[in-house]
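Novice: Anchor point for the sequence shown: position 65 equals 70 in my numbering, and the numbering is continuous, going up by one each time.
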Amino acid sequence: MTLTALYFAYGAHMDIATLRERAGDVQVSCPARLAGYRLGFFGHDPVWDSGTETLVTEAAAETWGVLFQLRAAEWERLDTCMGATLEGNGAHFHYPVDVETTLGERLEVRTFRKSVQGEPRLPSSEYVAFLVAAATSRELPAGYCEHLRALPTSPAGYPVPRRDPAKRRHLHML
Numbered sequence: 006m007t008l009t010a011l012y013f014a015y016g017a018h019m020d021i022a023t024l025r026e027r028a029g030d031v032q033v034s035c036p037a038r039l040a041g042y043r044l045g046f047f048g049h050d051p052v053w054d055s056g057t058e059t060l061v062t063e064a065a066a067e068t069w070g071v072l073f074q075l076r077a078a079e080w081e082r083l084d085t086c087m088g089a090t091l092e093g094n095g096a097h098f099h100y101p102v103d104v105e106t107t108l109g110e111r112l113e114v115r116t117f118r119k120s121v122q123g124e125p126r127l128p129s130s131e132y133v134a135f136l137v138a139a140a141t142s143r144e145l146p147a148g149y150c151e152h153l154r155a156l157p158t159s160p161a162g163y164p165v166p167r168r169d170p171a172k173r174r175h176l177h178m179l
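Pasting the structure below:
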């Protein structure tokens, strides 16, 4: 795949403002479904006092997300934010997946997965509400939005989202 490949966003990056803040002027493509994976939450995201999402293989599962077109410079900015390195030793790595769009088109795209999952941790209820709002605004299927709403959560222990400009570059490295 080239650096002009489509990016499958399944977490906070489904929110266009969040993704543009981290990667630049990305272009929205369309919703897409990834079969055989579910969301799992591990480690700690200090922005949301939450587990950080990643894809977990599960044959009967599916994860919905949004496809975005990224240029090389946007991929570089997003890689920096996600802690993804060419050597593959960062917090996340590029992961090729086959998705199906709402129009039935099958595409090979890239997404991110955590390099090391760590301990499972519930997402904060505030973070899940943010994911549901992003999924709803991107017109993901109502059943998937309900699935997100039903995820087990725990309330954040402090006001979220926590925005610390000094830590923004590597907020997903934990």
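All residues carry an ideal CB built from backbone N, CA and C; glycine is no exception.
Reducing DSSP to helix, strand and coil, say where Tyr187 ends up.
Specialist: Coverage of the chain is limited to positions 6 through 179, which leaves residue 187 absent and any answer about it impossible.
Novice: Pop quiz: Gly48 and Arg126 are said to be a contact at Cβ under 8 Å. What is the actual Cβ separation, rounded to whole angstroms?
Specialist: Mapped onto the sequence shown, residue 48 falls at position 43. Mapped onto the sequence shown, residue 126 falls at position 121. The Cβ separation is near 7 Å, so the contact holds.
Novice: In the structure shown, what three-state DSSP assignment does Leu24 receive?
Specialist: For this step, residue 24 is matched to residue 19 along the sequence shown. If DSSP states are grouped into helix, strand and coil, Leu24 belongs with the helices.
Novice: Quick check: Leu136 and Leu153, are their CB atoms within less than 8 Å of each other?
Specialist: By one-based count along the sequence shown, residue 136 stands at place 131. By one-based count along the sequence shown, residue 153 stands at place 148. When the beta-carbon positions are compared, Leu136 and Leu153 come within less than 8 Å of each other.
Novice: Put Gly148 into one of helix, strand or coil per three-state DSSP.
Specialist: Position 143 of the sequence shown, counted from the start, is the residue given in the question as residue 148. In this structure, Gly148 counts as helix in the three-state DSSP scheme.
Novice: Return the CA-CA distance between Tyr163 and Asp54, expressed in angstroms with no decimal places.
Specialist: Position 158 of the sequence shown, counted from the start, is the residue given in the question as residue 163. Position 49 of the sequence shown, counted from the start, is the residue given in the question as residue 54. So the alpha carbons of these two residues sit roughly 7 Å apart.
Novice: Are Ala66 and Arg43 touching if we call contact CB-CB under 8 Å?
Specialist: Position 61 of the sequence shown holds residue 66. Position 38 of the sequence shown holds residue 43. Yes, the Cβ-Cβ distance between Ala66 and Arg43 is below 8 Å.
Novice: What are the residues that DSSP puts in a beta bridge with Trp69?
Specialist: Looking up residue 69 in the sequence shown gives position 64. Bridge partners of Trp69: Arg38.
Novice: So, with DSSP's three-state summary, where would you put Arg118?
Specialist: Start at 1 with the first residue of the sequence shown, and residue 118 comes out as number 113. Note: Arg118 maps to strand in three-state DSSP.
Novice: Could you have a look at Asp50 and say whether DSSP puts it in helix, strand or coil?
Specialist: Numbered from its first residue, the sequence shown carries residue 50 at position 45. Note: Asp50 maps to strand in three-state DSSP.
Novice: How should Lys172 be labelled, buried or exposed, when 16 other C-beta atoms within 10 angstroms of its C-beta is the threshold for buried?
Specialist: On the sequence shown, position 167 is the one that residue 172 refers to. Because Lys172 sits at a pLDDT of 49, beneath the cut-off of 50, its placement in the model cannot be relied upon, and the following sentence gives the value as read from the coordinates. Flag for Lys172 reads exposed.
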